[in-house]
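Trainee: Residue numbers (full-length UniProt numbering), protein chains in the order written: chain A, 1 to 202; chain B, 1 to 985. Just so it is clear, CB atoms sit at the ideal spot from N, CA and C, and this is done for glycine as well.
#1: Here's the rule: buried if 16 or more other CB atoms are within 10 angstroms of the residue's CB, otherwise exposed. What is residue 983 of chain B?
#2: Check the Cβ of residue 910 of chain B against every Cβ in chain A and list those closer than 9 Å, keeping chain order.
#3: Could you name each continuous beta strand (DSSP E) segment of 3 residues or more that falls completely within the region 676 to 764 of chain B, going from the start of the chain to the end?
#4: Could you spell out the range, first to last residue, of the beta strand (DSSP E) harbouring residue 663 of chain B?
#5: Are residue 919 of chain B and residue 486 of chain B touching if we call contact CB-CB under 8 Å?
#6: Would you kindly check if the distance between the Cβ of residue 113 of chain A and the Cβ of residue 99 of chain A is under 8 Å?
#7: Check the C-beta distance from residue 760 of chain B over to residue 740 of chain B and give it rounded, since I have them as a contact under 8 Å.
#8: I'd like the span of the beta strand (DSSP E) that includes residue 857 of chain B, first residue to last.
#9: Please state whether DSSP places residue 566 of chain B in a helix, a strand or coil.
#10: Which residues in the same chain have their Cβ closer than 6 Å to the Cβ of residue 427 of chain B, if we skip the five residues on either side of it in sequence?
#11: Could you check if residue 981 of chain B is buried or exposed, using at least 16 other CB atoms within 10 Å of its CB as the buried criterion?
#12: Per the contact definition of three or more C-beta pairs closer than 8 Å, is the region 706 to 726 of chain B in contact with the region 679 to 693 of chain B?
#13: With 9 Å as the limit, tell me which residues of the region 778 to 794 of chain B have their beta carbon closer than that to any beta carbon of chain A; keep them in chain order.
#14: Give a yes or no on whether 8 Å exceeds the smallest Cβ distance from residue 292 of chain B to chain A.
#15: Using a Cβ-Cβ cutoff of less than 8 Å, which residues in the same chain neighbour residue 114 of chain B once the five nearest sequence positions on both sides are dropped?
#16: Which chain B residues are close to residue 155 of chain A, counting only those with a beta carbon under 9 Å from its beta carbon?
#17: State buried or exposed for residue 830 of chain B, treating a residue as buried only when at least 16 other CB atoms are found within 10 Å of its CB.
#18: Which residues in chain A have a C-beta closer than 8 Å to the C-beta of residue 120 of chain B? List them in chain order.
#19: Let me check understanding here. Comparing Cα to Cα, which of B:108, B:74, B:75 lies closest to residue 88 of chain B?
#20: Please list the partners that residue 64 of chain A has in chain B, where partner means a Cβ-to-Cβ separation under 7 Å.
#21: Check this for me: beta carbons of residue 500 of chain B and residue 514 of chain B, under 8 Å apart or not?
#22: Ignore the nearest five residues each way along the sequence and tell me which others in residue 32 of chain B's own chain have a CB closer than 7 Å to its CB.
#23: From the DSSP output, in three-state form, read off residue 258 of chain B for me.
#24: Tell me the DSSP bridge mates of residue 938 of chain B?
#25: Any chance you could list the beta strand (DSSP E) runs of at least 3 consecutive residues sitting entirely within the region 123 to 195 of chain B, in chain order?
#26: I need the straight-line Cα distance from residue 572 of chain B to residue 423 of chain B, nearest angstrom please.
#27: From which residue to which residue does the alpha helix (DSSP H) around residue 167 of chain A run?
#28: Quick one: residues in its chain with C-beta nearer than 6 Å to the C-beta of residue 121 of chain A, no 5 flanking neighbours on either side, listed in chain order?
#29: For residue 144 of chain A, which residues in chain B fall below 8 Å Cβ to Cβ?
#30: For the beta strand (DSSP E) that residue 612 of chain B lies in, which residues bound it at each end?
#31: Within the continuous beta strand (DSSP E) that includes residue 646 of chain B, where are the two ends?
#32: Along chain A, in chain order, which residues have C-beta atoms closer than 8 Å to that of residue 352 of chain B?
#33: Check whether chain A comes within 8 Å of residue 345 of chain B, counting only Cβ atoms and requiring the distance to be less than that.
#34: Rounded to whole angstroms, how far is the Cβ of residue 40 of chain B from the Cβ of residue 416 of chain B, which I believe are closer than 8 Å?
#35: Taking contact to mean 3 or more Cβ pairs, one atom from each stretch, closer than 8 Å, check whether the region 149 to 169 of chain B and the region 222 to 230 of chain B are in contact.
#36: Note down, in chain order, each residue of its chain lying with its Cβ closer than 7 Å to the Cβ of residue 972 of chain B, except the 5 sequence neighbours on either side.
Dropping the structure here:
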């Protein structure tokens, strides 16, 4: 909510038209990029290169490229009337492209909409939809992660076999146990020769 | 039974414990990837060296980069890459704190804060007509305490405030044919002179009040001889020009508003004439230079406007701008190349005979000539002047010279890469020097103990730093020999300057570089252009002792019938083996799938007259080629006419060119797109070296689909003529995009799909049996990506086992492209958020590993997107069987997962191309992205299933084994004891 209030204020303050026509066929598009501080998760240990000087604003897929002034304002000059697409490239933030209609009939009329969620904008103020985290965050050390690692599983498995198996054997019916043992004895100890394919011939 | 269930549990646990995400941890940055930042060829440099503070230089380049560099090391403080059509016309420093750039043909003026590169203001300048753009920052000209910038652009003179970029006054020069050549502001006065030519024989001079733009005087004088080219200002009220024949020098003086001409035929100055001259403008008072063919003549203008030659040289000479030194004196520098050295002289403008400085600097032969020089002075400890010179070489590198030495150098040619190929490194043999790997077992164990401490989070900050440096310094990765996994290779890149570089994939260092003479400006070839790089010789099997080599193809000039040039370069030594200047042109190069006994690949060069030329020109190659003559087909695309043609060979050339390796061609088919409704904007084929592992695809419910895999498929995208412009210039109703799949042998259109209300630009990638393309949907006003998969229906009934048993299948029937293929296509479209610059696909050795698309976004990042997201069989609610197969539920847009940016938090500024090369390890592919920056990394699209990762903890494994052994012995003794007790009982 804290991030919304200054934005609303800004909407009221910037009453100047976003589009100003200069000559017959060329218009200017003026807007502002606003990166609120502490958007989303306040991630620690991840230095955001959120410097405004590295933000680019692109019109129609790179046809025009402009940069931000210190206060975040940008403008495109000499733009013909029509429907345009504005994209913001800022490392660390995800911006939705914005569809902007520059109307020849009534210059000064604002028509802009985010293309990602079709949200209309009454003023050309672009804000990131979310922060972008390019790196995985190392999970803090926990016993579970150690146990879940292949090594931990190996140890765990061995322990289980070593200590749980005898318990299983113990719980077995003594009758059944004896029968199984006898069965094994009658079959004899499997020797290596009997396992080999040629062993059966002997 | 219990054991079995245990095992299953164990396996389940094992797989769930693997991290399902492919991305990177922050501390893994730099382990397998590297990133290099470049600028491009420097166009202009302005020093910023105050007595205190850091010494810096601002540069603008041909890659539209404006950057601030540290003069001590050549590092980049900040850098901005402007748009590709926002060409920088001029830069300067104003008020000592702003960098002013004029760009886009003089219509955009920007000011950047010098220390941090933040844009301060931007103004748009317009004018009545197109003209030369000139930027002037007068040092002490103020309008109401406001420093101003003078700009002449688009036929209008503007004075702009330095503080906020506001236009203070403007003055139009609307004369019909007026061509303004120079704007001169005599220091210390409030006057501006604008001089130019009108109707080719009229010299015009305007005197303007710099404070309010008021026109004070306008004079014009006719000169019957006419004018040619540029003018060079020699004094504040005198310029030098050439007459239209280029043989007579004119000294034009407009003192006190009176224009007077003074003619000096060049033949009076130098005995032997060398044809028409060209003026090289310089800002040095009283000095200018002319160039006639290869001869450079430096001329001094005396106070009485007399001309005298002070130097005549055959060497290519560069002259710096004037540098004001004490008491109104000007210094300038001349630099020439002579053999292995460059000679630098610094002189005072009014005193030619003495040198302030004379130095010879040893310079690598492969940097070529000196193209530009910028000088700056400093005061030595003994109060005398010292000079430092920034020079731009022919290979686009930037060097700083000081006290006869190269202080630093930057390989900025790498900012403009034309083509990339790879080469293997030599096999490790005895005698081949190998870097020391591990010192001893103790060191090795110590390293792994540290790593273990790291994973157990017991490490202190020093330990963590030690671990990090240990990982980054891994000497394995930059060794100069081939490795088992095929991660170490050479990237051979060809730059626009005509220089070849070999970069090591391990850390990106330059192994060798070679300036190709065949791509240098020479008498026969004025504008050589590098075109492509091909693998010429890849030795394996029976030609193991040969070194691999690459073929560099270039041509002389931009026209289609310009003669070609070939060069063959050994990739181990970096030496040119041979070079050829061709008599024919090069329109198309076809690497053939045949090699001769020395593993040289056969290449077919098609010229503009549709003759085919075979290389190498050996009898062996010809005999191999003649055997395969009837199997060679190719296609050509004429985008201007909207025609795609298929060609085949007919036989040896007939006619005047009796060449053994020349072949006539014939046209097989042609597809003509209606020019009024369709325009070709993209054509894509499969990569020639792509390996497909399996032809069949088993889908859910045990069905089999056969991929239609043909090397001869071509994807073509056309748009409506109206929609070929920019976004926003067309309405959805009048634009459409048509995608075709064309067989290039028969010319048959296998598939055609129309996207109504869509337009280009189209970026596409073709792999196996699918093509993915990116375009703009005007109706939704969003970008879209579509996939087309093509399947062979004729083999679809082979899945019946009985048919196979009874031999009724058609698997053995010959597959010919002439039989009508029975194919079906499946396609689907999705929204995609960003604009795209280029798309590539990962490639692996055997093609088993699943594919990822590598999307170069408009923000100069590279996004890896699983091909599974672009599967036409995705549905909103996949069945259980389909889910098991790995089909993702359908969504209307493709996800952008920040962790799957392969460039992570970096940008590959000015991204132009992405190249993927398979490593020897099946799971891994090498990715190289180039633009103004270079970026390299290794990717494992399905994770590294076939090798242990770098992070594998051997110490933990050892400890586990020890623990297991201890536990076994413990339980052994326990059980022994128990048995003994049982027996006693």
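Mentor: With the structure as the only source:
#1: The residue given as residue 983 of chain B occupies position 983 in the second chain. With fewer than 16 other Cβ atoms within 10 Å, it is exposed.
#2: The sequence position of residue 910 of chain B within the second chain is 910, counting from 1. Here the premise fails: no neighbours, minimum Cβ distance about 11 Å.
#3: 679 to 685, 696 to 698, 704 to 707, 713 to 719, 736 to 743, 749 to 756
#4: Along the second chain, read from residue 1 onward, the residue named residue 663 of chain B stands at position 663. Segment 662 to 672, the beta strand (DSSP E) holding residue 663 of chain B.
#5: The residue you call residue 919 of chain B lines up with position 919 of the second chain. The residue you call residue 486 of chain B lines up with position 486 of the second chain. Contact flag set, yes.
#6: To locate residue 99 of chain A, count along the first chain from 1; it is residue 99. To locate residue 113 of chain A, count along the first chain from 1; it is residue 113. Going by C-beta atoms, residue 99 of chain A is nearer than 8 Å to residue 113 of chain A.
#7: As a position in the second chain, residue 760 of chain B is number 760, starting the count at 1. As a position in the second chain, residue 740 of chain B is number 740, starting the count at 1. With 8 Å as the limit, residue 760 of chain B and residue 740 of chain B do not qualify as a contact, their Cβ atoms being about 14 Å apart.
#8: Position 857 of the second chain, counted from the start, is the residue given in the question as residue 857 of chain B. Taken as a continuous stretch (DSSP letters only), the beta strand (DSSP E) holding residue 857 of chain B covers 852 to 857.
#9: Here residue 566 of chain B refers to the residue found at position 566 when the second chain is read from its first residue. Residue 566 of chain B: strand per DSSP, three-state reduction.
#10: In the second chain, the residue the question calls residue 427 of chain B occupies position 427. So the qualifying residues of the chain are 482.
#11: Counted from its first residue, the second chain places residue 981 of chain B at position 981. When all chains shown are included, residue 981 of chain B counts as exposed.
#12: yes
#13: 778, 780, 781, 782, 783
#14: As a working mapping, residue 292 of chain B is identified with position 292 in the second chain. No, residue 292 of chain B does not count as interfacial toward chain A.
#15: The residue given as residue 114 of chain B occupies position 114 in the second chain. So the qualifying residues of the chain are 48, 56, 58, 68, 93, 96, 97, 98, 99.
#16: Reading the first chain from its first residue, position 155 is the one you call residue 155 of chain A. Within chain B, the residues near residue 155 of chain A are 960, 963, 964, 967.
#17: As a working note, residue 830 of chain B is residue 830 in the second chain. Result: buried.
#18: One-based indexing of the second chain puts residue 120 of chain B at position 120. What residue 120 of chain B touches in chain A: 69, 70.
#19: Start at 1 with the first residue of the second chain, and residue 88 of chain B comes out as number 88. Taking only the C-alpha atoms, the option nearest residue 88 of chain B is B:108.
#20: The residue labelled residue 64 of chain A in the question sits at position 64 within the first chain. Within chain B, the residues near residue 64 of chain A are 83.
#21: By 1-based counting over the second chain, the position of residue 500 of chain B is 500. By 1-based counting over the second chain, the position of residue 514 of chain B is 514. Result yes, Cβ atoms of residue 500 of chain B and residue 514 of chain B sit closer than 8 Å.
#22: As a working note, residue 32 of chain B is residue 32 in the second chain. Answer for residue 32 of chain B: 937, 938, listed in chain order.
#23: Taking the second chain and counting its residues from 1, the one referred to as residue 258 of chain B is at position 258. The answer is coil: DSSP assigns residue 258 of chain B none of H, G, I, E or B.
#24: On the second chain, residue 938 of chain B is found 938 positions in, with the first residue counted as 1. BP columns for residue 938 of chain B point to B:926.
#25: 134 to 136, 146 to 153, 156 to 161, 167 to 172, 179 to 184
#26: For this step, residue 572 of chain B is matched to residue 572 along the second chain. For this step, residue 423 of chain B is matched to residue 423 along the second chain. C-alpha separation (whole angstroms): 9 Å.
#27: Within the first chain, residue 167 of chain A is the residue found at index 167, counting from 1. Taken as a continuous stretch (DSSP letters only), the alpha helix (DSSP H) holding residue 167 of chain A covers 165 to 171.
#28: Position 121 of the first chain holds residue 121 of chain A. Excluding positions up to five away in sequence, the list reads 112.
#29: On the first chain, residue 144 of chain A is found 144 positions in, with the first residue counted as 1. Near residue 144 of chain A there are no residues of chain B at all, since even the closest Cβ is about 10 Å away, more than 8 Å.
#30: Mapped onto the second chain, residue 612 of chain B falls at position 612. Looking at the DSSP string, the run of the beta strand (DSSP E) that includes residue 612 of chain B is 611 to 615.
#31: Residue 646 of chain B sits at position 646 when you count from the first residue of the second chain. Here the beta strand (DSSP E) through residue 646 of chain B covers 643 to 652.
#32: Counted from its first residue, the second chain places residue 352 of chain B at position 352. The contacting residues do not exist; residue 352 of chain B stays about 45 Å from chain A at best.
#33: Taking the first residue of the second chain as 1, we reach residue 345 of chain B at position 345. Cβ-Cβ to chain A under 8 Å: no for residue 345 of chain B.
#34: Reading the second chain from its first residue, position 40 is the one you call residue 40 of chain B. Reading the second chain from its first residue, position 416 is the one you call residue 416 of chain B. Indeed, because the Cβ distance is near 6 Å, the residues count as touching under 8 Å.
#35: no
#36: Walking along the second chain from the start, residue 972 of chain B turns up at place 972. For residue 972 of chain B, where only same-chain residues beyond five positions count, there are no Cβ hits under 7 Å.
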